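Data block below; observations after.
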Amino acid sequence: MNTPSPWLAKNLADERWFGEGQPNWKHLPSVEKAQIERLKRVRLLKKHRHPELMTALAACAPGKRCLSGCCPECGRAMQRFVATKASQLLTPYNEYDVASIIGRTQRLQGNLRTLPAAKFRDHLLRTLRRGRAGLALGGIDFSFNEFPATDRLARWVPHFWLLIHNANRPRWERVVRETYLAKALIRPRPIRIDPWDGNIEALGYALKTKFDRRISKVTYRFARGKVRECKNTTSDRLRANERVELFLYLHEIGLEGRLVLFEVTKARGGFDVAS
């Protein structure tokens, strides 16, 4: 496990981030649900014989937080802290867009541990720098994608969720789209960019603690006088072995391993614009 930085440890030492109240949003787990999920993960890790991580999660409590990247309680606190501090920095909200970017690399089941999160993130930062983008803040998300109608193997697909300044968008969007091209596995939209409505949920989503299995399906519809093939996805919960693999990886990279900052620095009590 990556040792939490003094910045993270100091800010999450404030137990208010582990409580209820503001900030809050529709899909944020309650304190009770986060506690229940932590205990579920403890039992799962015990069953699959990962005593070190199991012990760390089991001992997580007020005043002695584990700060593991796979702890749902610490992850929830990180979500609330980052969302609050980022919302104070990214103003006015109408100058920012929400960008979802599917990475250029995936990992087959059992190989997630070989994904270097720092290099994956740094490649995006270099791309944004080439595009002369403004401030950007967000996180790395993970899904486990299956393709039952094809012979493609199921795999982990990491992707970015960012709030990014929309000044100079024509340039940085072009560079991002040229870098993260569509592939057969991620067609038709490896990149989606929408205006931000100012809802704090968009900031919290970047570091969400619940991860899904995405199942690709092919359907058909009649349009313009032809039968057309449509590719859709449905979501389901991860299976036990998939959850274990992801939890071990998240623990290894740490809570900050998913955080993405561009032209933003960690500052006392939150974030600041990079000088």
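So the sequence shown is numbered by the numbering used here: it starts at 750 and just counts up by one. The beta-carbon is built from N, C-alpha and C at its ideal position, and this holds for glycine as well. These figures come from a predicted structure and were not determined experimentally.
Practice task
Measure how close the beta-carbons of residue 890 and residue 910 come, nearest whole angstrom, since I'm counting them as under 8 angstroms.
Solution key: Along the sequence shown, read from residue 1 onward, the residue named residue 890 stands at position 141. Along the sequence shown, read from residue 1 onward, the residue named residue 910 stands at position 161. That belief holds up - the Cβ atoms of residue 890 and residue 910 are roughly 5 angstroms apart, short of 8 angstroms.
Practice task
To the nearest angstrom, report how far apart residue 835 and residue 985 are at their CA atoms.
Solution key: As a first step, residue 835 is located in the sequence shown; it is residue number 86 there, counting from the start. As a first step, residue 985 is located in the sequence shown; it is residue number 236 there, counting from the start. If you take the alpha carbons of residue 835 and residue 985, they lie about 30 angstroms apart.
Exercise for the section: Taking 8 angstroms as the threshold, find out whether the segment 803-821 comes into contact with the segment 836-847 through three or more Cβ pairs. Expected result: With a cut-off of 8 angstroms, the segment 836-847 and the segment 803-821 do not count as touching, because too few Cβ pairs lie within range.
Practice task
Give me the Cα-Cα distance between residue 1002 and residue 996, rounded to the nearest whole angstrom.
Solution key: Working through the sequence shown from its first residue, we reach residue 1002 at position 253. Working through the sequence shown from its first residue, we reach residue 996 at position 247. Their Cα atoms are separated by approximately 10 angstroms.
Problem - residue 860 to residue 907 span [Cα, whole Å] - result: Translated into positions along the sequence shown, residue 860 becomes position 111. Translated into positions along the sequence shown, residue 907 becomes position 158. Going from the Cα of residue 860 to the Cα of residue 907 covers about 13 angstroms.
Handout entry: Sufficient close CB pairs (3 or more, under 8 angstroms) joining the segment 938-946 to the segment 881-898
Key = These segments do not touch.
Practice task
State buried or exposed for residue 1022, treating a residue as buried only when at least 16 other CB atoms are found within 10 Å of its CB.
Solution key: Working through the sequence shown from its first residue, we reach residue 1022 at position 273. Residue 1022 is exposed by the Cβ-count criterion.
Exercise for the section: Would you give the residue range spanned by the alpha helix (DSSP H) that residue 842 belongs to? Expected result: Stepping through the sequence shown from its first residue, residue 842 is reached at position 93. Counting along the chain, residue 842 falls outside any alpha helix (DSSP H), and DSSP gives it neither H nor E.
Problem - Three or more C-beta pairs below 8 angstroms linking the segment 894-902 and the segment 1005-1021 - result: no
Exercise for the section: Would you mind working out which of 776, 814 and 792 sits nearest residue 763, comparing C-alpha positions? Expected result: By one-based count along the sequence shown, residue 763 stands at place 14. Per the Cα distances, 814.
Exercise for the section: Report buried or exposed for residue 878, applying the criterion of at least 16 other Cβ atoms within 10 angstroms of its Cβ. Expected result: If you number the sequence shown from 1, residue 878 lands on position 129. Its Cβ having fewer than 16 others within 10 Å, residue 878 is exposed.
Exercise for the section: Please go through the segment 951-1013 and give each complete beta strand (DSSP E) segment of 3 or more residues, from N-terminal end onward. Expected result: Restricting attention to beta strand (DSSP E) runs no shorter than 3 residues, the segment 951-1013 encloses them at 961-972, 975-986 and 1008-1011, ordered along the chain.
Exercise for the section: Buried or exposed for residue 792, please, with buried defined as at least 16 other CB atoms from any protein chain shown within 10 angstroms of its CB. Expected result: Within the sequence shown, the letter at position 43 stands for residue 792. With fewer than 16 Cβ atoms within 10 Å of its Cβ, residue 792 is classed as exposed.
Problem - Cβ-based burial, residue 817 [other Cβ within 10 Å; buried from 16] - result: As a working mapping, residue 817 is identified with position 68 in the sequence shown. Around the beta carbon of residue 817, 16 or more other beta carbons sit within 10 angstroms, so the residue counts as buried.
Problem - Three-way DSSP call (helix, strand, coil) for residue 905 in this model - result: As a first step, residue 905 must be located in the sequence shown, where it is residue number 156. Strand at residue 905.
Practice task
Give the secondary structure of residue 806 by DSSP, where H, G and I count as helix, E and B as strand, and everything else as coil.
Solution key: Within the sequence shown, residue 806 is the residue found at index 57, counting from 1. Helix, per DSSP.
Practice task
Identify whether residue 767 lies in helix, strand or coil by the three-state DSSP scheme.
Solution key: The sequence position of residue 767 within the sequence shown is 18, counting from 1. DSSP places residue 767 in helix when its eight states are reduced to three.
Exercise for the section: Determine the direct distance from the alpha carbon of residue 755 to that of residue 1016, and round the result to whole angstroms. Expected result: In the sequence shown, residue 1016 corresponds to position 267, counting from 1. In the sequence shown, residue 755 corresponds to position 6, counting from 1. Approximately 11 angstroms between the Cα atoms of the pair.
Handout entry: Contained alpha helix (DSSP H) runs [length at least 4] in the segment 848-887, N- to C-terminal order
Key = Whole alpha helix (DSSP H) segments, 4+ residues: 866-879.
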